[in-house]
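Everything below concerns the one structure shown next.
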Amino acid sequence: MSGLVVSPFDRQRYIGSVCTVRPASVEVNLPLASSPGRTHVAGYPLQRGQVGEFVVVEGEEHAVLGRLIETRLPERDRLTVEPSHDHDSTPNPLGVVQLLTAIDLETGHPLRGVPISPRIGQHVFSAHPLVVKQVVESGATPDAKRIQLATFPHATDTAVSLSPSQLLGRHCAILGATGGGKSWTLARLTEEIARLGGKAILFDATGEFRTQTSVAVTHAYLGGRKEGPHDVRRFLSFPYWDLTESDLFVLLRPSPGVQAPKLKEALRSLKIAHLAPALANGGLIRKAGNPRQPFEAACIQQAVALTRPGTFFDIAQLSRQIWEECVYPSGFNAQAANWGGATPNEQSACVTLMSRIESELASPNLECLFSPDGLDPLPGVVEEFLADADQRILRISLEFLSFEHNAREVAANAVGRYLLSLARQGRFLDMPVVVLLDEAHQFLDKSVGDEFTKADLDAFGLIAKEGRKYSLTCVLATQRPRDIPEDVLSQMGMFIVHRLINERDRIVVEKACGDLDASAASFLPTLGQGEAMVVGVSAPMPLPVTVHKPARPPSSRSADFEGLWG
1 MSGLVVSPFD
11 RQRYIGSVCT
21 VRPASVEVNL
31 PLASSPGRTH
41 VAGYPLQRGQ
51 VGEFVVVEGE
61 EHAVLGRLIE
71 TRLPERDRLT
81 VEPSHDHDST
91 PNPLGVVQLL
101 TAIDLETGHP
111 LRGVPISPRI
121 GQHVFSAHPL
131 VVKQVVESGA
141 TPDAKRIQLA
151 TFPHATDTAV
161 SLSPSQLLGR
171 HCAILGATGG
181 GKSWTLARLT
191 EEIARLGGKA
201 ILFDATGEFR
211 TQTSVAVTHA
221 YLGGRKEGPH
231 DVRRFLSFPY
241 WDLTESDLFV
251 LLRPSPGVQA
261 PKLKEALRSL
271 KIAHLAPALA
281 NGGLIRKAGN
291 PRQPFEAACI
301 QQAVALTRPG
311 TFFDIAQLSR
321 QIWEECVYPS
331 GFNAQAANWG
341 GATPNEQSAC
351 VTLMSRIESE
361 LASPNLECLF
371 SPDGLDPLPG
381 VVEEFLADAD
391 QRILRISLEF
401 LSFEHNAREV
411 AANAVGRYLL
421 SLARQGRFLD
431 MPVVVLLDEA
441 HQFLDKSVGD
451 EFTKADLDAF
461 GLIAKEGRKY
471 SLTCVLATQR
481 PRDIPEDVLS
491 QMGMFIVHRL
501 INERDRIVVE
511 KACGDLDASA
521 ASFLPTLGQG
531 EAMVVGVSAP
541 MPLPVTVHKP
551 ARPPSSRSAD
561 FEGLWG
């Protein structure tokens, strides 16, 4: 047993013997389970048959680690625990142990599954916290490079740490109902990434992580403006020319028929006006009665630039360019090579679109998209962050970015798409980057726009599906797992699951994570604040933990009604 830090078969931790064996569980006699209270052995707690307790079943080559999921008294003994009972008979409790994994006694390494089932009569011991810790932390990563995440609920002096590869290498999901501790876990994970010298980009949907005031954290705000000369906050833009055409269609909402084709043509014309200024007149491409050939030749020459985001155009001219697009496709007779004259019916149909464009360009809620002057472009800030070795966390707050016209969803999705494009270029291969997405249900599994301008918010879903091979991984935090697409949730290699009350949420998590079966999921509704279940492909078994309090807790407390009312 030289591979184990302590003997798993300590006679002082004996709690019973196996009496029934099934493929995935055993029943155990628990003669000490009816004793009141719990004791300690060598300073570590001994629960002696409490539901949720980890136990070890002895074996010759392997120790089988399990969890007690049920205790009961046989029908004949159920009255023996009553204070009024006059007989001298002793209760004989039984327990059901779910088999989780096996431990090689020679090396101390955990094994996937249970190679040899326990036998009737084998002894069962309360698992020493250090044995469970060794199973969870198996690997060659030194403690200094591990994420110090939590402690055991019943042994708070025994820490649980995981390597970054275990926790983040295949993406991670932090799930839990409101008030369960999800935000604290995300804050703790952010602090640990900074401590270990990693880089992460945190999308703060509500602004609660503004308390992360370490010198290694850069704060930026997408949306909003400075309130005065003494406001030192850094406000960003995501310039409209970096949006895709479908993003602009969602924001501007052209109707089908006339408006959508004219908007598409107007965007192309304004880009040509910038790329080939000799064709422009006052920043516009004037079409009525003018030759088509120079414009069409420029479109062929600039075909690549016209189809990719990032090509500049003057959106202030958009409504006027739409007006210029309302012409006949050709003139008559000798003027057949020119555009025709204006078409009043199309001009009339586009008036509402032009009015809507002017209104949205003037909206203060959309300034970070349509009026980027005076704001730092977000792509440039990301580049600065990646180049600065002293900066570890880039927090992008979305608290001032309005939901109006789906601006928040479109902008966040555009930023995610930009990060994925950097990853595909190999920018993160030498310094892996983690994207932390709070309130992930706002940005995943959503289609914005109407039936004619519908666009899928798929950027973060694509990061989850293919980002890992480019060293870009993500951490999704949400209180609504059922709103996350199943194909995205199934890509998560690790789950930190706080209290989940909704049955649909628990079912979704069970399906996404094969190691979390119904027995383990049954503990989720009763988890306390800060308690969680860590489970995933890199964890040998579902592990209940109490997450460490972050050094700088997020501002997520509820209103103090008693203190402020009256």
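Using the UniProt record's numbering, count along the sequence shown one by one with no gaps and you end on 566.
Backbone N, C-alpha and C fix where the C-beta goes; we use that ideal spot for every residue, glycine too.
Fair warning: this is a prediction, and the values are worked out from it, not measured in the lab.
Comparing alpha-carbon positions, which option in G16, R22 and I69 lies nearest L48? For the purposes of this step, residue 48 is taken as the residue at position 48 of the sequence shown. In the sequence as displayed, the identity of residue 48 is Arg instead of Leu. Here the closest residue by C-alpha is G16.
What does the Cβ neighbour count give for M1, buried or exposed, with the cut at 16 atoms within 10 Å? Indexing the sequence shown from 1 puts residue 1 at position 1. Unreliable positioning characterises M1 in this predicted model, as indicated by a pLDDT of 47, which lies under 50. A coordinate reading is not provided.
Three or more beta-carbon pairs under 8 Å between the region 205-221 and the region 277-285, yes or no? Touching, no, given that fewer than three Cβ pairs across the two stretches are closer than 8 Å.
Residue from D104, P544, V215 and G310 whose Cα sits closest to the Cα of P115: In the sequence shown, residue 115 corresponds to position 115, counting from 1. When each option's Cα is compared against that of P115, the closest is D104.
So, with DSSP's three-state summary, where would you put R234? Your numbering for residue 234 matches position 234 in the sequence shown. Coil.
Can you tell me which of the three DSSP states T307 falls into? Taking the first residue of the sequence shown as 1, we reach residue 307 at position 307. Helix, per DSSP.
Since I believe V497 is in contact with L472 (beta carbons under 8 Å), could you give me their beta-carbon distance rounded to a whole number of angstroms? The residue given as residue 472 occupies position 472 in the sequence shown. The residue given as residue 497 occupies position 497 in the sequence shown. No, L472 and V497 are not in contact; Cβ-Cβ is about 24 Å, not under 8 Å.
Residue(s) in a DSSP beta bridge with Q148: As a working mapping, residue 148 is identified with position 148 in the sequence shown. Beta-bridge pairing links Q148 to S161.
Here's the rule I'm using: 16 or more other beta-carbon atoms within 10 Å means buried, otherwise exposed. How should F561 be labelled? Here residue 561 refers to the residue found at position 561 when the sequence shown is read from its first residue. Burial call: exposed.
Around the Cβ of W323, are there at least 16 other Cβ atoms within 10 angstroms (buried) or fewer (exposed)? Position 323 of the sequence shown, counting from 1, holds the residue named residue 323. It is buried - the Cβ of W323 has at least 16 other Cβ atoms within 10 Å.
Taking 7 Å as the limit between beta carbons, can you name the residues of its chain near P372, skipping five residues before and five after? Residue 372 sits at position 372 when you count from the first residue of the sequence shown. Beyond the five residues adjoining it in sequence on each side, P372 comes within less than 7 Å, by CB distance, of S237 and P239 in the same chain, given in chain order.
What residue does the alpha helix (DSSP H) around F385 start on, and which one ends it? In the sequence shown, residue 385 corresponds to position 385, counting from 1. Looking at the DSSP string, the run of the alpha helix (DSSP H) that includes F385 is L378 to A387.
Should the region 414-426 be called in touch with the region 268-277, which here means at least 3 C-beta pairs below 8 Å? no
Could you have a look at K199 and say whether DSSP puts it in helix, strand or coil? Sequence index remark: in the sequence shown, residue 199 carries index 199 (1-based). Looking at K199 - three-state DSSP - the assignment turns out to be strand.
CA nearest to the CA of residue 571, picked from Q12, Q166 and A173: Since the first residue shown for the chain is 1 and the last is 566, residue 571 is missing from the structure and cannot be characterised.
By the DSSP assignment, the alpha helix (DSSP H) with Y470 in it spans what residues? Your numbering for residue 470 matches position 470 in the sequence shown. Segment: none, Y470 is in no alpha helix (DSSP H) and carries neither H nor E.
Within 8 Å, do at least three Cβ pairs link the region 360-372 to the region 226-234? No, the region 226-234 is not in contact with the region 360-372.
Bridge partner(s) assigned by DSSP for residue 595: Outside the displayed span of the chain (1 to 566) sits residue 595, for which this structure offers no information.
Within 10 angstroms of the Cβ of L318, are there 16 or more other Cβ atoms? Answer buried if so, exposed if not. Translated into positions along the sequence shown, residue 318 becomes position 318. Here L318 is buried: its Cβ has 16 or more other Cβ atoms, across all protein chains shown, within 10 Å.
Is the region 117-130 touching the region 13-27, taking contact as three or more C-beta pairs under 8 Å? Yes: the two stretches touch, three or more of their Cβ pairs being nearer than 8 Å.
Which of the three DSSP states, helix, strand or coil, is assigned to Q134? If you number the sequence shown from 1, residue 134 lands on position 134. Reduced to three states, the DSSP call for Q134 is helix.
Rounded straight-line distance, which links the Cα of A551 to that of R188: Indexing the sequence shown from 1 puts residue 188 at position 188. Indexing the sequence shown from 1 puts residue 551 at position 551. Cα to Cα, R188 sits roughly 8 Å from A551.
CA-to-CA distance, G340 to T352, given in whole angstroms: Position 352 of the sequence shown holds residue 352. Position 340 of the sequence shown holds residue 340. Using only the alpha carbons, I get a separation of about 23 Å.
For D390, count neighbouring Cβ atoms within 10 angstroms of its own Cβ and tell me buried if that reaches 16, exposed if not. Numbered from its first residue, the sequence shown carries residue 390 at position 390. Result: exposed.
Rank R112, Y221 and P164 by C-alpha distance to the C-alpha of S397 and give the top, closest one. Taking the first residue of the sequence shown as position 1, residue 397 is located at position 397. Considering only alpha carbons, the answer is Y221.
What three-state label does DSSP hand F295 in the structure shown? For the purposes of this step, residue 295 is taken as the residue at position 295 of the sequence shown. Reduced to three states, the DSSP call for F295 is helix.
Distance, Cα to Cα, V21 vs I201? Taking the sequence shown and counting its residues from 1, the one referred to as residue 21 is at position 21. Taking the sequence shown and counting its residues from 1, the one referred to as residue 201 is at position 201. V21 and I201: Cα-Cα distance of roughly 49 Å.
Buried or exposed: Q491, going by 16 or more other Cβ atoms within 10 Å of its Cβ? To locate residue 491, count along the sequence shown from 1; it is residue 491. By the neighbour-count rule (16 or more Cβ atoms within 10 Å), Q491 is buried.
Of the listed residues S330, Q212, L420 and N345, nearest to Q259 (C-alpha basis): Within the sequence shown, residue 259 is the residue found at index 259, counting from 1. Nearest of S330, Q212, L420 and N345 to Q259, Cα basis: N345.
Euclidean distance between Cα positions of A63 and I69: The residue labelled residue 63 in the question sits at position 63 within the sequence shown. The residue labelled residue 69 in the question sits at position 69 within the sequence shown. One C-alpha to the other measures close to 19 Å.
Close beta carbons around F54, own chain, < 6 Å, minus the five adjacent residues each side: In the sequence shown, counting from the first residue as 1, residue 54 sits at position 54. Within the same chain, F54 has close Cβ partners R67, A127 and V132.
Have a look at M431 and K199 and give me their C-alpha separation to the nearest angstrom. The residue labelled residue 431 in the question sits at position 431 within the sequence shown. The residue labelled residue 199 in the question sits at position 199 within the sequence shown. Approximately 7 Å between the Cα atoms of the pair.
Under the DSSP definition of a beta bridge, which residues are partnered with L457? Looking up residue 457 in the sequence shown gives position 457. None; L457 has no bridge partner.
Note down the Cα distance separating V215 from G536, rounded to an integer number of angstroms. Counted from its first residue, the sequence shown places residue 215 at position 215. Counted from its first residue, the sequence shown places residue 536 at position 536. If I take the Cα positions, the gap works out to 33 Å.
Can you give the Cα-Cα distance for R286 and R356, rounded to whole angstroms? Stepping through the sequence shown from its first residue, residue 286 is reached at position 286. Stepping through the sequence shown from its first residue, residue 356 is reached at position 356. Between R286 and R356, the C-alpha separation is close to 22 Å.
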